[in-house]
Each structure stands twice: as C-alpha cells, then as structure tokens.
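Chemist: If you scroll down you'll find the structure; I have some questions about it.
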Amino acid sequence: MDADITIIGAGVVGLATASELADHTMSIYILEKNESHGRGISSRNSEVIHAGLYYPHGSLKAILCVEGRDLLYDTCHRHNIPHRRTGKLVIATAETEMVNLEHLMANAQRNGVASLSLLEKKQFSELEPNIRGAGALYSPDTGILNVHALMDYYLHDAKTKGTEIVYGTQVVGIERNSAGYRIDTLNREGEYFSFDTERVINAAGLESDTIAKMTGKEYHLHYCKGDYFSIDNMKKGIVQRLVYPLPEENHVGLGVHLTLDLQGRMKLGPDATYMERREDYRVDAAKSGQFYEAAVKFLPFIRREDIVPDMSGIRPKLQGEGEGFRDFVISEDLPGFVNLVGIESPGLTTAPAIAKYVKRLLTN
Ligand SMILES: Cc1cc2nc3c(=O)[nH]c(=O)nc-3n(C[C@H](O)[C@H](O)[C@H](O)COP(=O)(O)OP(=O)(O)OC[C@H]3O[C@@H](n4cnc5c(N)ncnc54)[C@H](O)[C@@H]3O)c2cc1C
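Numbering-wise, the sequence shown is residues -3 to 360 according to the numbering used here.
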C-alpha cells in the first residue's frame, strides 16, 4: 500500500479532515490503533457546540471555534445529526462578579460571537427559574450534539469519496524518504507493516506529541483529567439550558458546570486535574463533595445525594500546570507533514474548521 495522504487517528479531528480532503482523486488512508473510530478523547467530552466566548482574541481557538460552530450546525442540519441549540447561561453568583461577565461578553464580541446578552437576575429567572445568581451572560448559539453520529457521518462521507480506514494499526515509526514519509505500523497480531506516503496528518490526540517526536519535532503534552458526576434523573427537565459559572482565570477549565445531553439528562463537570501520563478514566467518588459545593452555588435544587460518579475524559494540554494559555498547534512542521497538537476543548466544535485549515496548509 502506498498513499497520497495518511491521517493518523480516527477521532473527530482526523475524520473531519478526511471528509474535507477526500475527493476520489487521492488515496487517503486513516490509521487507527483502536478497533473502531472515536474511542479516544472524542468519545469522552461534553458534546457541546461552543459559541466561542472564552478564547483570547486572535487565537486559533477563538477563530476556529466561531467558524467551526457555524459549520457544525450546518452539517448537523443537512445530514440529520441529532443536535439542539440549547443556549447557555454563564452565571455571576454575586454582584461583584458582574464585571467579569462584562469582560467575558466583550471578549466574545471581539471574537465575532453575536447575539449575546447580559441578563439581570429577573430576566434570567424568566428563562431558568431554578437557577440562582446575581446575573448571567446568555449565549443563544451554544448547543449540544451527538458526537458519535457526527463522526459516523464524517467517516461515511470520507469513505464514499474513496478514503480507506485501517483499524487495529498503531503507528510506531516515521522516517523521511524520497517518496515523502515511510510509516511503520504494528497491528493487533503483533505484525509490522511499512508503507510510503507523500503527506501525513498527525491527528493522534493524546499521542500527537509522540507521533511528532518520531520526526524529530518536540512537543510536550500534559494530561489533564476532567471528571463528570451525573445528577439524579428525577431532576430531569428542571433546567433547559447549559449553565456555567465564570471560567477559571488561566483557561485550564471552564469551571464545574451543568451539561445536558440530547435526552435532557444532566451532568456536572468536567473539573480539571493534571495527572500522570496514562489513560486512567476512573472517576474519584470522593470528589462528590467538591462537585456539590461548586454546583450548589448556582444550582440550588441539587442535594448531595443527587450526584454520582459518571465518566471522565483527558485533555491533551500544551499548557503545563500553573502555566498560562496555550493555543492549538496546527503546523506543517516538515514539508507535507502537518502536526495537530494540543487539540483540547473546543476541539470538537472546531473540528470542521481545523479540517479546512489543514486543507489550506496542504494546498498552499
Ligand atoms: C473532558 C473533556 C470535555 C470536552 N468537552 C468538549 C466540548 O464540550 N466541546 C468541544 O468542542 N470540545 C470538547 N472537548 C475537546 C474535544 O473532545 C477534543 O478536542 C477532540 O475530541 C479531540 O479529537 P481528536 O480527534 O484530536 O482526538 P481523539 O478523539 O483522541 O482521536 C485521536 C485518535 O488517534 C488514535 N491514535 C493515537 N495514537 C495513535 C497511533 N500511534 N497510531 C494510530 N492511532 C493512534 C487514538 O486511538 C484516537 O482514536 C473536551 C475534551 C475533554 C477531555
């Protein structure tokens, strides 16, 4: 097998990129170490279509979030991918926090997020009578989707345009050669197989720095875990929108918030805890008190016994513990070799915009 383009990783980013690039004229292969697509970060997140409120102006996260959000709604609409424009409230729990909401709104508007409004207590209580706070920033363009249906769509689209996907195949080595790159793989039977490819897109999520290192390019990812607790289903329907506190100052996480799925089930999370570099998805039940304390400030209907450990996900962060904001890396570090590193939140929202960005890089 020789390829024009090899995409490493079948998460939402690799699949969106395959769907964007595939056009019957090129041989495109997606290599995935797992037995099916979407088993990495893409299956362990909040499934929120972010509007683009938080990210520093001019950053890739800010630009691609606004672009990706619109592309996602359009794709969901055209291809019947379950989604809902729920809207979202960011809550100031005290009067003194109102100024922070104003700053957040100003940042969002500079990023091109339209239709935001600052609501006083009385106004947001009309929208969400069961939420407590001094005021809120309302973002009507935030929503939720079924990420698995989205990934299935991207894969189907890429395959119908000639892309092949190979599962159970881990990339273990990369070497530059006259064809472009020699890719060494190891399959589930323990067999090695190598092939040549002209171009490579590294969309390996939590292992994207390891892949980059195979070509001599140094990045260092820090794993930062986000745990979720689910809220008793008896409370289903009590809140209609996503509800967030003000974000953490250094952009590590968005603060423990209330997410909804398409069935209206409610979850709290994710928090943000740096961890050793391993894929350990156990949720620490002892955190239940912390989650309760964080949430009850703006979700007064929650009782301690309503919340139980649910799932977790791991963020691939370029930002180390205690460090400041780091942007996505989307970079053609060697000719025809594009690294996508640090694709943490809002990586799902931005996936279709990242795909277009990669296409521009490869065609310029
Ligand atoms: C807790 C949490 C909540 C989040 N919430 C949101 C949200 O609400 N909205 C949002 O926009 N974003 C959110 N995100 C971010 C979003 O989920 C990610 O940015 C996105 O899913 C990353 O997709 P990916 O394709 O880059 O990575 P992945 O989905 O991890 O895909 C990478 C793939 O590469 C494969 N791979 C790795 N190494 C190799 C190798 N050597 N050979 C072959 N294959 C390999 C892996 O098996 C994996 O399938 C959240 C993230 C977390 C952790």
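We treat Cβ as the ideally placed atom computed from N, Cα and C, and that holds for glycine.
Every value quoted in this text rests on a predicted model; they were computed, and no experiment measured them.
Which full runs of the beta strand (DSSP E) of 3+ residues lie inside the region 66 to 132, going along the chain?
Modeler: As far as the region 66 to 132 is concerned, its whole beta strand (DSSP E) runs of at least 3 residues are 84 to 88, 113 to 116.
Chemist: Does any heavy atom of ligand 3 sit closer than 7 angstroms to the C-beta of Ala291?
Modeler: Within the structure as shown, ligand 3 is missing, the only ligands being ligand 1.
Chemist: Could you have a look at His253 and say whether DSSP puts it in helix, strand or coil?
Modeler: By one-based count along the sequence shown, residue 253 stands at place 257. Residue state, collapsed to three classes: strand.
Chemist: If you measure from the CB of His247, is any heavy atom of ligand 1 nearer than 7 angstroms?
Modeler: In the sequence shown, residue 247 corresponds to position 251, counting from 1. No.
Chemist: Take Lys117 as the anchor and find which of Gln286, Gly131, His253 has the nearest alpha-carbon.
Modeler: The residue given as residue 117 occupies position 121 in the sequence shown. Among Gln286, Gly131, His253, the Cα nearest to that of Lys117 belongs to Gly131.
Chemist: Excluding sequence positions up to five away, which residues of its chain have a Cβ less than 6 angstroms from the Cβ of Arg184?
Modeler: Within the sequence shown, numbered from 1, the residue matching residue 184 stands at position 188. Same-chain partners within the cutoff: Gly164.
Chemist: Using a 10 Å radius around the Cβ and a threshold of 16 neighbouring Cβ atoms, would you call Ser174 buried or exposed?
Modeler: Residue mapping note: residue 174 aligns to position 178 of the sequence shown, counting from 1. That one is exposed.
Chemist: In this structure, how does DSSP classify Val196 when only helix, strand and coil are distinguished?
Modeler: Locating residue 196 in the sequence shown gives position 200, where the first residue counts as 1. Correct three-state label for Val196: strand.
Chemist: In terms of DSSP beta bridges, what is Asp223 paired with?
Modeler: Mapped onto the sequence shown, residue 223 falls at position 227. In the DSSP output, where bridge partners are listed per residue, Asp223 has Ser308.
Chemist: If you scan the region 265 to 299 from start to end, which runs of the alpha helix (DSSP H) of 4 or more residues do you find wholly inside it?
Modeler: The region 265 to 299 contains these whole alpha helix (DSSP H) runs: 284 to 292.
Chemist: Taking a contact to mean a Cβ-Cβ separation below 8 angstroms, would you say Val167 touches Leu27 in this structure?
Modeler: Locating residue 167 in the sequence shown gives position 171, where the first residue counts as 1. Locating residue 27 in the sequence shown gives position 31, where the first residue counts as 1. In contact: Val167 and Leu27 (Cβ atoms closer than 8 angstroms).
Chemist: If you reduce the DSSP assignment to three classes, tell me which class Val248 lands in.
Modeler: For the purposes of this step, residue 248 is taken as the residue at position 252 of the sequence shown. The answer is coil: DSSP assigns Val248 none of H, G, I, E or B.
Chemist: Would you check if the distance between the CB atom of Thr193 and the CB atom of Ala6 is smaller than 8 angstroms?
Modeler: The residue labelled residue 193 in the question sits at position 197 within the sequence shown. The residue labelled residue 6 in the question sits at position 10 within the sequence shown. Cβ atoms of Thr193 and Ala6: not closer than 8 angstroms.
Chemist: Grab me the residues of Leu182's own chain with a C-beta within less than 7 angstroms of its C-beta, minus the 5 sequence neighbours each way, in chain order.
Modeler: As a first step, residue 182 must be located in the sequence shown, where it is residue number 186. Within the same chain, Leu182 has close Cβ partners Gln166, Val168, Tyr188.
Chemist: Helix, strand or coil for Glu43? Go by DSSP, reduced to three states.
Modeler: Taking the first residue of the sequence shown as 1, we reach residue 43 at position 47. It is coil, neither helix nor strand.
Chemist: Is Val44 close to ligand 1? I mean its beta-carbon at under 7 angstroms from any heavy atom of the ligand.
Modeler: Here residue 44 is taken as the residue at index 48 of the sequence shown, counted from 1. For ligand 1, at least one heavy atom lies less than 7 angstroms from the Cβ of Val44.
Chemist: Answer yes or no: the CB of Val196 versus the heavy atoms of ligand 1, is any distance below 7 angstroms?
Modeler: Taking the sequence shown and counting its residues from 1, one reaches residue 196 at position 200. Because no heavy atom of ligand 1 lies under 7 angstroms away, the Cβ of Val196 does not count as near it: no.
Chemist: Taking the DSSP output, what are the residues bridged to Ser144?
Modeler: Indexing the sequence shown from 1 puts residue 144 at position 148. According to the sequence displayed, residue 144 carries His and not Ser. Paired residues: none, contrary to the question.
Chemist: To the nearest angstrom, report how far apart Thr156 and Ile87 are at their CA atoms.
Modeler: Here residue 156 refers to the residue found at position 160 of the sequence shown. Here residue 87 refers to the residue found at position 91 of the sequence shown. Going from the Cα of Thr156 to the Cα of Ile87 covers about 45 angstroms.
Chemist: Using DSSP with H/G/I as helix, E/B as strand and the rest coil, what is Gly444?
Modeler: Nothing can be reported for residue 444: it is not among the residues displayed for the chain, which extend from -3 to 360.
Chemist: Cβ of Asn41 versus every heavy atom of ligand 1: is any distance shorter than 7 angstroms?
Modeler: As a position in the sequence shown, residue 41 is number 45, starting the count at 1. Yes, ligand 1 has a heavy atom inside 7 angstroms of this Cβ.
Chemist: Hey, could you find the ends of the beta strand (DSSP E) Arg172 is sitting in?
Modeler: Residue numbering aside, residue 172 sits at position 176 when the sequence shown is read from its first letter. 165 to 173 is the extent of the beta strand (DSSP E) around Arg172.
Chemist: Check whether the region 241 to 250 touches the region 323 to 333, counting contact only when three or more Cβ pairs, one atom from each stretch, lie closer than 8 angstroms.
Modeler: With the cut-off at 8 angstroms, the region 241 to 250 and the region 323 to 333 do not touch.
Chemist: On the CB-based measure, 16 or more other CB atoms within 10 Å of its CB, does Tyr353 come out buried or exposed?
Modeler: Locating residue 353 in the sequence shown gives position 357, where the first residue counts as 1. So Tyr353 ends up on the buried side.
Chemist: Are there 16 or more other CB atoms within 10 angstroms of the CB of Gly36, so buried, or fewer, so exposed?
Modeler: Here residue 36 corresponds to residue number 40 of the sequence shown, with the count starting at 1. With 16 or more other Cβ atoms within 10 Å, it is buried.
Chemist: From which residue to which residue does the alpha helix (DSSP H) around Glu419 run?
Modeler: Nothing in the structure corresponds to residue 419, since the chain is present only between -3 and 360.
Chemist: Excluding sequence positions up to five away, which residues of its chain have a Cβ less than 6 angstroms from the Cβ of Val292?
Modeler: On the sequence shown, residue 292 is found 296 positions in, with the first residue counted as 1. Cβ neighbours of Val292 beyond the five flanking positions: Ile298.
Chemist: Can Gly201 and Lys232 be called in contact, C-beta distance under 8 angstroms?
Modeler: Here the question's residue 201 lines up with position 205 in the sequence shown. Here the question's residue 232 lines up with position 236 in the sequence shown. Contact: no.
Chemist: Please indicate yes or no: does the CB of Glu28 lie closer than 7 angstroms to some heavy atom of ligand 1?
Modeler: Taking the sequence shown and counting its residues from 1, one reaches residue 28 at position 32. Under cutoff, so the answer is yes.
Chemist: Ligand 1 and Gly316: does the residue's C-beta get closer than 7 angstroms to at least one heavy atom of that ligand?
Modeler: The count along the sequence shown starts at 1 and reaches residue 316 at position 320. False, no ligand heavy atom lies under 7 angstroms from that Cβ.
Chemist: Thr138 and Ile4 - do their beta-carbons sit closer together than 8 angstroms?
Modeler: Within the sequence shown, numbered from 1, the residue matching residue 4 stands at position 8. Within the sequence shown, numbered from 1, the residue matching residue 138 stands at position 142. Not in contact: Ile4 and Thr138 (Cβ atoms no closer than 8 angstroms).
Chemist: Check the C-beta distance from Ala349 over to Leu67 and give it rounded, since I have them as a contact under 8 angstroms.
Modeler: Position 353 of the sequence shown, counted from the first residue, corresponds to residue 349. Position 71 of the sequence shown, counted from the first residue, corresponds to residue 67. Contact holds; Cβ gap of about 6 angstroms.
Chemist: For Ala90 and Leu115, I'd like the C-alpha separation in whole angstroms.
Modeler: Numbered from its first residue, the sequence shown carries residue 90 at position 94. Numbered from its first residue, the sequence shown carries residue 115 at position 119. If I take the Cα positions, the gap works out to 13 angstroms.
Chemist: Whose C-alpha, out of Leu344, Asp228, Ile161, is nearest the C-alpha of Ala47?
Modeler: Within the sequence shown, residue 47 is the residue found at index 51, counting from 1. Comparing Cα positions, the closest option is Leu344.
Chemist: Going straight from the alpha carbon of His53 to that of His144, what length do you get?
Modeler: Here residue 53 corresponds to residue number 57 of the sequence shown, with the count starting at 1. Here residue 144 corresponds to residue number 148 of the sequence shown, with the count starting at 1. Going from the Cα of His53 to the Cα of His144 covers about 30 angstroms.
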